[in-house]
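Enquirer:
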Amino acid sequence: MGYSKKGFVISGIAILLLILFPLVAGTQHTLNLFIVLFITVILAQSWNILGGYAGQISLGNAAFFGAGALSFHFLAWRGGLPLYLALPAGGLTAVILASFIGIPALRLRGVYFAIGTLAFAEALRITVGNLFPLTVYIPTVHIVSYNLLSRYYLALMVAVIAQGVAYFTIKSKIGLAMMAIRDDDEAADTSGVHLFKYKFVALVFSSFFSGLAGGIFAYYQDSIVPAFLFTPQWTFEPLVAAAVGGSGTLLGPMIGSVFLIILTELFALTLGKAYLIIFGAIFIFVVLFFPGGLIEASERIRKSIFG
Amino acid sequence: MLEVEQIDVYRGDIQILWSVSLAAQDGKITALLGSNAAGKTTLLTTISGLIKPLRGRIRLNGHPIDKHPVHKIVELGVSMVPEGRRLFPEMSVFENLELGAFTRKARETKDQMIEEVFGIFPILKTRKVQAAGTLSGGEQQMVAIARALMSQPKLLLIDELSLGLAPLIMQQISETIKQINLTRGLTIFIVEQNVFMTLEMADYGYILENGRIVGEGEAKKLLQSEEVKNAYLGIEEV
Amino acid sequence: MAQIIVYGVITGAFYGLAAVGLSLVFGVMRHMNIAHGSFLMIGGFAAYWLFHLLKLDPFVSIPLVMAILFAIGAALYKGLFSHLDKLPEGLKINNSMLVGFGLTWVIDNLAIMFWTSDVRAVTPSYTGKVWHVLPGLRLPVVGLVIIGIASLVIFSLYLILTRTYFGKSVRATAQDRDAGNLMGINVERTYLIFFALSAALAGVAGVVAAVNYSVYPTVGFEWLLKAIIILVLAGFGKIGKVFAAGVLLGIIEGVSVYFVGATYREVVGLVIFILVLLRRST
Chain B
2 MGYSKKGFVI
12 SGIAILLLIL
22 FPLVAGTQHT
32 LNLFIVLFIT
42 VILAQSWNIL
52 GGYAGQISLG
62 NAAFFGAGAL
72 SFHFLAWRGG
82 LPLYLALPAG
92 GLTAVILASF
102 IGIPALRLRG
112 VYFAIGTLAF
122 AEALRITVGN
132 LFPLTVYIPT
142 VHIVSYNLLS
152 RYYLALMVAV
162 IAQGVAYFTI
172 KSKIGLAMMA
182 IRDDDEAADT
192 SGVHLFKYKF
202 VALVFSSFFS
212 GLAGGIFAYY
222 QDSIVPAFLF
232 TPQWTFEPLV
242 AAAVGGSGTL
252 LGPMIGSVFL
262 IILTELFALT
272 LGKAYLIIFG
282 AIFIFVVLFF
292 PGGLIEASER
302 IRKSIFG
Chain U
-3 MLEVEQIDVY
7 RGDIQILWSV
17 SLAAQDGKIT
27 ALLGSNAAGK
37 TTLLTTISGL
47 IKPLRGRIRL
57 NGHPIDKHPV
67 HKIVELGVSM
77 VPEGRRLFPE
87 MSVFENLELG
97 AFTRKARETK
107 DQMIEEVFGI
117 FPILKTRKVQ
127 AAGTLSGGEQ
137 QMVAIARALM
147 SQPKLLLIDE
157 LSLGLAPLIM
167 QQISETIKQI
177 NLTRGLTIFI
187 VEQNVFMTLE
197 MADYGYILEN
207 GRIVGEGEAK
217 KLLQSEEVKN
227 AYLGIEEV
Chain Y
416 MAQIIVYGVI
426 TGAFYGLAAV
436 GLSLVFGVMR
446 HMNIAHGSFL
456 MIGGFAAYWL
466 FHLLKLDPFV
476 SIPLVMAILF
486 AIGAALYKGL
496 FSHLDKLPEG
506 LKINNSMLVG
516 FGLTWVIDNL
526 AIMFWTSDVR
536 AVTPSYTGKV
546 WHVLPGLRLP
556 VVGLVIIGIA
566 SLVIFSLYLI
576 LTRTYFGKSV
586 RATAQDRDAG
596 NLMGINVERT
606 YLIFFALSAA
616 LAGVAGVVAA
626 VNYSVYPTVG
636 FEWLLKAIII
646 LVLAGFGKIG
656 KVFAAGVLLG
666 IIEGVSVYFV
676 GATYREVVGL
686 VIFILVLLRR
696 ST
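Chains as they are written, first to last, in this note's numbering: chain B, 2 to 308; chain U, -3 to 234; chain Y, 416 to 697.
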């Protein structure tokens, strides 16, 4: 699988635009929107690597997000660790957590892995809610120096890194092994692909970046209820975004996340929750008829027009 | 009774049957012979309705049935003994037979038919409550045939009777089938690898090779024909 | 302690009732219907509205609720899940899980839109009534009714599955779908009816939930987790085992509250679930 020059150029331009955007048209509202978008993209891609590429559908990513967020909060805001240490530490915490549950869980097949991870995330949520029932805040000294713009660039940078790492992983032998496992794990096994190793790599990627996303959120959001960090929405909205955009593709999670955020904005003032209904319906439609998501749909349209 | 007209059948993208035509006469036993991957099971599965032909027609007493759903074809009087028996393994012999009489019409005569099939295969009566999956190969084959008879079909399709059966059992069963045909006038269409035994039992035969019909004729004549002898019987004469 | 066990049995009977529909559909059709919890929620709300608008006693309204859910289940199966039937097993399970979960979003949020997120409960006049059987042993009347209903439902299901032609055809097609077709069984229609039946069962559980606990639009998810836990504990298909697993879970939860406190009650079930899952995989 080769690297496409055109792709690099387009990505470069897109990144440049995103860097310049706030200086030109950045309002507080749009910056907030983009930060949420970047977090969603990171989470969606994290799910996608494990679920869309390696074929292990996880329903418990909220656990990694929450772990990253919570550990960031304690390390950075309570422990005084500087940002560039606390954030990766958050990601690392998530990875440790993932190893703890992942090593036994990855032996489970398909639907059992899914509900196992779901149960794990829920158990964690309740436990955290019991241990840390009170809302936590960013300390005042940091509130004073709060800079939305720097958070925008941080989120953007991590999103780009996540996308980049995903890209190079998928294009490498590791990605090939993952996809082999996804398509037919018995065949992959007998061909000598070390199932556990590659599933674990996917899990590490997924949990690390979910943890980073959590850290960014803890950096960004001024007040948090700890248990809220572990609620299923942090698993499911990125999952649906990735699936609708096109699971198993590199651009799918991004496109799906953009789509989701746009829908959210459209309905924010009117029917609030309506965006979930529409998105849910699209998701069902995609699963039944367009497994490749919007990317597959656009491919088909392109083919039918241009032949 | 049964007419197959020039059907093309695909499995996925691969064509298995090419322009196949044949007919099964009322009250006769018609055999379809051919070596292993010739497409015999595909043909029978198509007649039963589990697969649909891409081109061509299948008629039952003049009625086209190639587009019907399977259960409709069964209701019209076609019953199949599938390859590998396909019993319901965790259900008892008795329940398997009951399910053979699932169609509304068949349910009315269910009890009577159960007695009849126990008459034909007495050993099944002793195994009535046993789980079908625990029976021996020969006994399972008997259940499969008995089950297919429960709906009092007009046409009985049999796929690969001899698979996995000891020759003695095979002999017994094929004699029983001949009996059923004679006493009830039941039209039988049987697909088989075991050429010798089948041609002994049948009235008419077709030969399928690589998805095409390459020969047909009365069973006795086929038994004596040179090609059949060389191609198939050489292997079997021990 | 005996009191705790009594409450555990009552809760467990409810759990078994909630889980049986999910277990049957998964065992027979290999669909993991995550939206089962939402069906439960709809049942609960139906009972609520029937009680408040028509003054219908919730337990009397059960047949009506079952009919409503049957219709909804049939429509959803025909429109959505039936498309998954042709898929190979692994894909079928995964995709039905995803479809079910998308449905949860749609149904739950529609409920929020129409009915608001407020918590509702149905409290007929006999709600607080209790039988004092022995000193220290109280049997809530509602609880007894629940156990009665759950037992009745499970028993009826058992009879249907073993004594009727429909039930046998369901069991048969679960073991060999093609052979089922060859018997003249209209497998698609059988699956449709069976799925709708499981939705109706969820509806019954929903009525019970509305009376004994409470309902709100997102409650389905929690009950679903319980149902999944029981599914894994019991294996699927044998409804007797599902019921027993439900009761067992109810008792274990009740007893453990005694030791770890009410806030960790849910965690106990989830942890047991994970442990059982892991043991099963080795």
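Note that the Cβ used here is the ideal one computed from N, Cα and C, for glycine as well.
1) To the nearest whole angstrom, what separates the beta carbons of Ile425 (chain Y) and Ile561 (chain Y), a pair I think is in contact under 8 angstroms?
2) Kindly list, in the order they appear in chain Y, the residues whose Cβ is closer than 8 angstroms to that of Thr128 (chain B).
3) Shortest alpha-carbon distance to Val167 (chain U) belongs to which of U:Leu56, U:Gly181 and U:Leu195?
4) Could you tell me which uninterrupted beta strand (DSSP E) segments, each at least 3 residues in length, are contained entirely in the segment 55 to 95 of chain U, listed from first to last along the chain?
5) Any contact between the segment 628 to 645 of chain Y and the segment 447 to 461 of chain Y? By contact I mean 3 or more CB pairs, one from each, below 8 angstroms.
6) Just to confirm, is the Cβ distance from Phe160 (chain B) to Ala122 (chain B) under 8 angstroms?
7) By the three-class DSSP mapping on this structure, what secondary structure does Gly35 (chain U) have?
8) Starting from the C-beta of Val70 (chain U), find all residues in its chain whose C-beta is less than 6 angstroms away, skip the five residues before and the five after it, and write them out in chain order.
9) Going along the chain, which residues of its own chain have a beta-carbon closer than 6 angstroms to the beta-carbon of Thr250 (chain B), five neighbours each way excluded?
10) For the segment 84 to 118 of chain B, which residues have a beta carbon sitting closer than 7 angstroms to at least one beta carbon of chain Y?
11) So that I know if they touch, is there some Cβ in chain Y lying closer than 8 angstroms to that of Met76 (chain U)?
12) Note down the Cα distance separating Tyr113 (chain B) from Gly52 (chain B), rounded to an integer number of angstroms.
13) Nearest CA to the CA of Lys544 (chain Y): which residue from Y:Val556, Y:Phe529, Y:Val683 and Y:Phe429?
14) Spell out the partners DSSP gives Asp155 (chain U) in its beta bridges.
15) DSSP state of Thr105 (chain U), grouped into three classes?
16) For Val537 (chain Y), write down the residues that DSSP places opposite it in a beta bridge.
17) Check whether the Cβ of Val70 (chain U) lies closer than 8 angstroms to any Cβ atom in chain Y.
18) How many angstroms separate the CA atom of Leu465 (chain Y) from the CA atom of Ser629 (chain Y)?
19) In angstroms with no decimal places, state the Cα-to-Cα distance between Lys101 (chain U) and Leu145 (chain U).
20) For my contact list, Val443 (chain Y) and Val585 (chain Y) are in at a C-beta cut-off of 8 angstroms; report their separation, rounded to the angstrom.
21) So what does DSSP say about Gly618 (chain Y), is it helix, strand or coil?
22) Please confirm if the segment 181 to 194 of chain B is in contact with the segment 42 to 61 of chain B, defined as three or more CB-CB distances below 8 angstroms between the two stretches.
23) For the segment 475 to 498 of chain Y, list every residue whose C-beta sits within 8 angstroms of some C-beta in chain B, in sequence order.
24) When we look at the beta-carbon of His74 (chain B) and count the other beta-carbons within 10 Å, is it buried (16 or more) or exposed?
25) Using a C-beta to C-beta distance shorter than 8 angstroms, which residues of chain Y count as neighbours of Ile278 (chain B)?
26) Which of the three DSSP states is assigned to Gly30 (chain U) in this structure?
27) Nearest to Phe101 (chain B) by CA position, among B:Ile256, B:Leu125 and B:Asn148, is which residue?
28) Residues bridged to Pro555 (chain Y) by DSSP?
29) Any C-beta of chain B sitting closer than 8 angstroms to the C-beta of Asn448 (chain Y)?
30) With distances taken between CB atoms, is the gap from Leu267 (chain B) to Phe280 (chain B) smaller than 8 angstroms?
31) How many Å lie between Leu693 (chain Y) and Gly61 (chain B) at the Cα?
32) State the beta-bridge partners of Gly211 (chain U) as determined by DSSP.
33) Hey, does Met2 (chain B) have any beta-carbon neighbour from chain Y nearer than 8 angstroms?
34) Is Lys124 (chain U) near Val89 (chain U), with beta carbons less than 8 angstroms apart?
35) Given 8 angstroms as the limit, is there contact between the segment 13 to 20 of chain U and the segment 29 to 42 of chain U, that is, 3 or more CB pairs closer than that?
36) Relative to the alpha-carbon of Gly23 (chain U), which residue among U:Leu152, U:Val191, U:Asp9 and U:Ile12 has its alpha-carbon at the smallest distance?
Expert: From the atom records:
1) 6 angstroms
2) Tyr679 and Val682
3) The amino acid occupying residue 167 (chain U) in the given sequence is Gln; Val does not appear at that position. It is U:Leu195 whose Cα lies nearest to the Cα of Gln167 (chain U).
4) 74 to 77
5) Result yes; three or more Cβ-Cβ pairs closer than 8 angstroms.
6) Per the sequence presented here, residue 160 (chain B) reads as Ala, with Phe not at that position. Cβ atoms of Ala160 (chain B) and Ala122 (chain B): not closer than 8 angstroms.
7) Reduced to three states, the DSSP call for Gly35 (chain U) is coil.
8) So the list is empty, once near-sequence residues are dropped.
9) Ile296
10) Pro105, Arg108, Leu109, Gly111, Val112, Tyr113, Ala115, Ile116 and Gly117
11) yes
12) 14 angstroms
13) Here the closest residue by C-alpha is Y:Val556.
14) Asp155 (chain U) has U:Val187 as its beta-bridge partners, per DSSP.
15) coil
16) Paired residues: none, contrary to the question.
17) Yes, Val70 (chain U) lies at the interface with chain Y (some Cβ there is under 8 angstroms from its Cβ).
18) 15 angstroms
19) 13 angstroms
20) Yes, Val443 (chain Y) and Val585 (chain Y) are in contact; Cβ-Cβ is about 6 angstroms, under 8 angstroms.
21) helix
22) yes
23) Flagged, chain order: Leu495 and His498.
24) buried
25) Trp520, Val521, Asn524, Leu525 and Met528
26) coil
27) B:Leu125
28) Y:Val545
29) no
30) no
31) 16 angstroms
32) U:Ile203
33) In this prediction, Met2 (chain B) has a pLDDT of 40, which is less than 50 and means its spatial position is unreliable; what the coordinates show is noted afterwards. With 8 angstroms as the cut-off, Met2 (chain B) does not count as an interface residue toward chain Y.
34) Going by C-beta atoms, Lys124 (chain U) is nearer than 8 angstroms to Val89 (chain U).
35) The segment 13 to 20 of chain U, when compared against the segment 29 to 42 of chain U, does touch it at the 8 angstroms Cβ threshold.
36) U:Leu152
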